[in-house]
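In the order they appear, the protein sequences are chains A and B.
Read in order, the letters of the first sequence are residues 16 to 131 in our numbering.
Read in order, the letters of the second sequence are residues 2 to 526 in our numbering.
Every residue, glycine too, gets a C-beta built ideally from N, C-alpha and C.
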Amino acid sequence: MNLQYINFFSFALFIIGVFGTIYCRKFLSVIISLQLIVISAMINFYSFGLFIYQSSTWGLVFVLISFISIYLLFFSIVFYNYSLQTGIHDFDVKKDMRIFKFEKADWWGEEKTEDE
Amino acid sequence: MKKRTGGEKKRLKMNNILIDLVYPFYGNLPLAGAVLLSVFFGLSYRKGLKILVIIIAIIAVLASLFLNIFYFSETENFSSYLFKFGFLQTIESLIVLFSALNILIFLSIKRFDDRNLIKVIIIFIFSLICINIFIVSKNFLMIFSSLSLFLICFFQLLSLLNKSSSDDGHLKYSIKNYIIRFVLVAVFSLLLILVGFSLIFGATDFKDFTQILQSENIDNTMMTAGIILVFLSIYFYLFIFPFQNAYLKLGKRCEPTSLLFIWFLYFPSGIFLFLKVYDIFIHFLDKNSQVVSIILIAISILCILGGNIGAVSSKSLRRIFLFLFLAVIGMSVLCLAYQGLDLMDRQRVVWLIVANLLTCILFYFPAFAIFFDIEKQTGSDYILKSKGFTRKNKFLGINLIILMFSFAGIIGTTGFLTRFFYLKPHLGFFSGNNVNMAEVNSVLVLLAAIISVIGVLFILANIVRVIVVLLKTPDCDNEVKRFPRLYYPYILIYTMLVLFIGIIGSLQIFNIDISFFAYDIINVF
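Structure follows, in structure tokens:
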């Protein structure tokens with residue numbers, strides 16, 4: 016195992032994750048892309064901790080706690096989207112969850128809402 | 002005097018150790034107590050219990066405010082492996098708690114009949130605890146985990162508050178959609194921070210930002226990449242132009258009190274994150290002052306022009322407020338460019354960033370009270386629905402105009418202090434004082450001067466536009482009924498506060514001696 020290859024792999028995952036997050040429209044695709052970024056960061060922490068700092072305890076603790084907190088956040092978002100409690104779970108078909116959109120109304124003039 | 006026995010001494014020592022262990026979280030203790038007490042009533046819909054929970058929450062926030070000030074004045078700076086508590090952290094914590102107090106007032110007035118009110122208050126106090134921990138966090142571990150826990154609480158708040166805001170299925174769908182999009186942007190920026198931390202950790206095994214500054218490896222490529230990722234994440238987190246779409250869409254549609262959580266819990270957390278990495282930012286600024294200044298000026302042009310043009314072309318009051326908030330963030334970004342151009346020192350930039358936030362707080366809360374009540378009564382946030390408001394309700398109207406003058410930066414009000422220090426470096430530069438002409442790039446300074454003047458005038462124009470509408474003769478169909486009685490003293494307190502701070506600050510700016518007020522508010526940091 017070579018640290019350089021691991022880093023290349025992690026960087027590739029990060030780039031795919033960022034691209035997927037910005038480009039994808041489907042909710043699940045965005046969530047999966049975000050998870051690729053998480054995995055990329057985890058690989059970095061583990062590999063640096065193992066190869067450079069001889070199994071750094073801090074790195075492991077950070078990975079554990081950040082993993083728990085970030086997945087709690089993911090869980091709450093996914094649950095909110097698919098939960099029957101919101102009463103609008105069956106509307107999740109529009110496939111318009113692209114997180115960065117660029118529209119004229121963000122710069123100039125009015126924006127019409129659904130009830131107008 | 003009674004002598005203490007060995008057991009008593011041991012107990013006293015243990016108590017002291019426990020008290021030391023809790024520091025700097027004394028402010029969180031009453032909040033935690035409030036959650037513990039309120040959690041038993043979480044599923045109740047009874048009015049009496051709602052009032053009890055509101056009172057407990059308000060007392061806890063007030064106690065937290067007091068304890069933060071008291072213990073900072075007693076013990077001053079604190080620093081450990083995980084936490085750092087100094088003057089800046091105290092101010093940040095006070096800003097959050099003051100906003101929290103206002104939000105609680107609005108929740109109790111506007112959402113009292115909501116079945117989820119007690120749940121909202123419990124999660125709100127949880128989010129306050131998280132943001133308080135985030136403010137004092139120094140280590141990457143604490144910064145990341147407290148920020149992500151705060152985001153979880155914030156997301157729960159948004160979803161709870163917007164649960165039944167509309168009966169229309171499509172509107173419901175779009176609110177849900179935009180809440181998710183908003184939070185996904187925040188999650189994306191949080192993950193960029195995570196990757197940034199991993200690169201910084203890999204480069205030098207550092208666990209906090211102060212270690213980075215003291216290191217010789219600060220210019221290591223991997224470290225630089227990590228730090229750039231952290232700055233990028235703050236950029237996305239604050240929805241700075243051109244990535245403002247999710248923020249504007251949600252802000253236009255969401256239930257009104259959610260906006261307060263976005264403006265005064267979510268955005269301050271991003272600004273505080275930036276203040277944590279500010280010293281590293283200065284290091285980069287000193288190394289590549291021209292390049293970084295050009296980038297910062299470009300961002301501020303986007304924000305100031307985008308925010309103001311968006312506000313001026315919009316007829317929706319919500320969108321006007323949403324855009325103006327981004328314009329104020331743009332002004333804070335321009336202050337950073339000033340530092341790169343040697344027009345301003347570190348203390349003044351931090352002061353301006355905090356003062357800009359405070360100016361927004363002192364205007365947005367009372368304005369929110371009036372305009373969103375009009376929206377609730379008329380059913381629309383169209384600006385002409387407020388036409389002639391000052392003529393119909395003279396007391397609130399005049400107070401509102403004074404507060405608007407403050408936001409616009411008229412002399413004698415709080416806003417004047419920020420606008421004065423915002424424009425002062427240019428006066429010094431063009432009159433040949435303070436700055437050595439050979440050392441700065443005059444084109445960039447000229448550009449910064451133009452955009453700062455445009456920014457100030459544009460905000461003034463936007464505010465004058467709203468004031469003109471308020472002063473017009475009212476239409477018969479714009480029937481706004483009575484406002485809650487609490488609004489009258491509430492808005493009067495804000496007006497007095499704005500005038501008091503503004504007059505004291507203006508007198509201090511012009512070096513007029515005021516012996517009755519010893520605190521130097523224009524040189525806090």
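Are residue i and residue j close, meaning C-beta to C-beta below 8 angstroms?
{"i": "lysine 67 of chain A", "j": "glycine 203 of chain B", "result": "Sequence check: residue 67 of chain A is isoleucine here, not lysine. Taking 8 angstroms as the Cβ cut-off, isoleucine 67 of chain A and glycine 203 of chain B qualify as a contacting pair."}
{"i": "serine 55 of chain A", "j": "phenylalanine 34 of chain A", "result": "no"}
{"i": "leucine 571 of chain B", "j": "leucine 200 of chain B", "result": "Look at the range of chain B in this structure, 2 to 526, and you will see that residue 571 of chain B is not part of it."}
{"i": "leucine 68 of chain B", "j": "alanine 101 of chain B", "result": "no"}
{"i": "phenylalanine 42 of chain A", "j": "asparagine 246 of chain B", "result": "no"}
{"i": "isoleucine 522 of chain B", "j": "phenylalanine 265 of chain B", "result": "no"}
{"i": "isoleucine 305 of chain B", "j": "serine 333 of chain B", "result": "no"}
{"i": "valine 97 of chain B", "j": "proline 269 of chain B", "result": "yes"}
{"i": "isoleucine 194 of chain B", "j": "serine 234 of chain B", "result": "yes"}
{"i": "glycine 43 of chain B", "j": "alanine 61 of chain B", "result": "no"}
{"i": "threonine 415 of chain B", "j": "valine 499 of chain B", "result": "yes"}
{"i": "serine 109 of chain B", "j": "isoleucine 85 of chain A", "result": "no"}
{"i": "leucine 337 of chain B", "j": "phenylalanine 262 of chain B", "result": "no"}
{"i": "serine 80 of chain B", "j": "asparagine 133 of chain B", "result": "no"}
{"i": "phenylalanine 141 of chain B", "j": "lysine 208 of chain B", "result": "yes"}
{"i": "glutamate 376 of chain B", "j": "proline 257 of chain B", "result": "yes"}
{"i": "phenylalanine 484 of chain B", "j": "leucine 397 of chain B", "result": "yes"}
{"i": "leucine 38 of chain B", "j": "serine 65 of chain B", "result": "no"}
{"i": "aspartate 382 of chain B", "j": "serine 315 of chain B", "result": "no"}
Residue i to residue j, Cα distance in whole Å?
{"i": "valine 53 of chain A", "j": "isoleucine 402 of chain B", "result": "49 angstroms"}
{"i": "phenylalanine 324 of chain B", "j": "arginine 466 of chain B", "result": "15 angstroms"}
{"i": "leucine 162 of chain B", "j": "serine 138 of chain B", "result": "29 angstroms"}
{"i": "valine 108 of chain A", "j": "arginine 182 of chain B", "result": "Unreliable placement is indicated for valine 108 of chain A, whose pLDDT of 47 sits below 50; no coordinate value is reported for it."}
{"i": "phenylalanine 46 of chain B", "j": "isoleucine 228 of chain B", "result": "The identity of residue 46 of chain B in the sequence shown is tyrosine, whereas the question assumes phenylalanine. Straight-line Cα distance between these residues: approximately 48 angstroms."}
{"i": "serine 387 of chain B", "j": "isoleucine 83 of chain A", "result": "48 angstroms"}
{"i": "phenylalanine 60 of chain A", "j": "phenylalanine 135 of chain B", "result": "22 angstroms"}
{"i": "phenylalanine 63 of chain A", "j": "serine 25 of chain A", "result": "12 angstroms"}
{"i": "alanine 58 of chain B", "j": "phenylalanine 127 of chain B", "result": "11 angstroms"}
{"i": "phenylalanine 285 of chain B", "j": "leucine 404 of chain B", "result": "38 angstroms"}
{"i": "valine 40 of chain B", "j": "isoleucine 123 of chain B", "result": "7 angstroms"}
{"i": "threonine 1 of chain B", "j": "threonine 419 of chain B", "result": "In the structure as shown, chain B starts at 2 and stops at 526, and residue 1 of chain B therefore has no counterpart that could be examined."}
{"i": "isoleucine 58 of chain A", "j": "lysine 277 of chain B", "result": "26 angstroms"}
{"i": "tyrosine 1 of chain B", "j": "asparagine 96 of chain A", "result": "The first residue shown for chain B is 2 and the last is 526, placing residue 1 of chain B beyond what the model contains."}
{"i": "threonine 379 of chain B", "j": "isoleucine 464 of chain B", "result": "22 angstroms"}
{"i": "glycine 49 of chain B", "j": "proline 25 of chain B", "result": "34 angstroms"}
{"i": "tyrosine 238 of chain B", "j": "valine 186 of chain B", "result": "7 angstroms"}
{"i": "glycine 271 of chain B", "j": "serine 507 of chain B", "result": "30 angstroms"}
{"i": "tyrosine 72 of chain B", "j": "leucine 83 of chain B", "result": "19 angstroms"}
{"i": "methionine 223 of chain B", "j": "glycine 503 of chain B", "result": "46 angstroms"}
{"i": "isoleucine 47 of chain A", "j": "valine 93 of chain A", "result": "11 angstroms"}
Output yes if chain B places a C-beta closer than 8 angstroms to the C-beta of residue i; else output no.
{"i": "alanine 56 of chain A", "result": "yes"}
{"i": "leucine 139 of chain A", "result": "As displayed, chain A neither begins before 16 nor continues past 131, which places residue 139 of chain A out of reach and without an answer."}
{"i": "glycine 35 of chain A", "result": "no"}
{"i": "isoleucine 31 of chain A", "result": "no"}
{"i": "phenylalanine 63 of chain A", "result": "yes"}
{"i": "asparagine 96 of chain A", "result": "yes"}
{"i": "asparagine 17 of chain A", "result": "no"}
Under 8 angstroms between C-beta atoms, does residue i make it to chain A?
{"i": "lysine 388 of chain B", "result": "no"}
{"i": "phenylalanine 518 of chain B", "result": "no"}
{"i": "lysine 208 of chain B", "result": "yes"}
{"i": "glycine 307 of chain B", "result": "yes"}
{"i": "glycine 271 of chain B", "result": "no"}
{"i": "lysine 120 of chain B", "result": "no"}
{"i": "serine 317 of chain B", "result": "yes"}
{"i": "alanine 312 of chain B", "result": "no"}
{"i": "asparagine 442 of chain B", "result": "no"}
{"i": "asparagine 178 of chain B", "result": "yes"}
{"i": "phenylalanine 125 of chain B", "result": "no"}
CB of residue i to nearest heavy atom of the ligand COA: below 7 angstroms?
{"i": "aspartate 514 of chain B", "result": "As presented, the structure is devoid of all ligands, the ligand COA included, so that no description of it is given."}
Query raised in the report: In chain order, what residues of the segment 215 to 249 of chain B put their CB closer than 7 angstroms to some CB of chain A?
Result: Listed in sequence order: Pro243, Phe244, Gln245, Asn246, Ala247, Leu249.
Query raised in the report: What are the uninterrupted segments assigned as alpha helix (DSSP H) that are 4 or more residues long and contained completely in the segment 338 to 424 of chain B, given in chain order?
Result: Listed in chain order, the complete alpha helix (DSSP H) runs (minimum 4 residues) inside the segment 338 to 424 of chain B are 347 to 379, 390 to 393, 395 to 409.
Query raised in the report: Residues in the segment 355 to 382 of chain B with C-beta within 8 angstroms of chain A's C-beta atoms, listed in sequence order?
Result: So the list is empty, because no residue satisfies the distance condition.
**Report entry** Contact set between the segment 114 to 130 of chain A and chain B, restricted to residues whose Cβ is under 7 angstroms from the partner
**Finding:** Of all residues in the segment 114 to 130 of chain A, Ile114, Phe115, Lys116, Phe117, Glu118, Asp121, Trp122, Trp123, Gly124, Glu125, Glu126, Thr128, Glu129, Asp130 have a Cβ within less than 7 angstroms of some Cβ in chain B.
Requested in this report: Determine which residues of the segment 186 to 202 of chain B have a Cβ less than 8 angstroms from any Cβ of chain A, and write them out in chain order.
Outcome: If you check each beta-carbon in the segment 186 to 202 of chain B against every beta-carbon of chain A, the ones closer than 8 angstroms belong to Val186, Val188, Phe189, Leu191, Leu192, Leu193, Leu195, Val196, Phe198, Ser199, Leu200, Phe202.
Requested in this report: Pick out the complete alpha helix (DSSP H) segments inside the segment 180 to 235 of chain B, 4 residues or longer, and give them in chain order.
Outcome: Counting only runs of 4 or more residues that sit fully inside the segment 180 to 235 of chain B, the alpha helix (DSSP H) segments are 210 to 215, in chain order.
Requested in this report: With 8 angstroms as the limit, tell me which residues of the segment 139 to 157 of chain B have their beta carbon closer than that to any beta carbon of chain A; keep them in chain order.
Outcome: Correct list: Phe141, Leu142, Phe145, Ser146, Ser149, Leu150, Leu152, Ile153, Phe156, Gln157.
Query - Near-chain A residues of the segment 98 to 122 of chain B (beta-carbon distance less than 9 angstroms), N- to C-terminal order - result: Nothing from the segment 98 to 122 of chain B brings a Cβ to less than 9 angstroms from some Cβ of chain A.
Query raised in the report: Between the segment 325 to 336 of chain B and chain A, which residues of the former have CB atoms less than 7 angstroms from a CB of the latter, in chain order?
Result: Contacts with chain A (Cβ-Cβ distance below 7 angstroms) from the segment 325 to 336 of chain B involve no residue at all.
Requested in this report: Scan the segment 267 to 352 of chain B and note each continuous beta strand (DSSP E) run of 3 residues or more that stays entirely inside, going in chain order.
Outcome: Taken in chain order, the segment 267 to 352 of chain B contains no complete beta strand (DSSP E) segment of 3 residues or longer.
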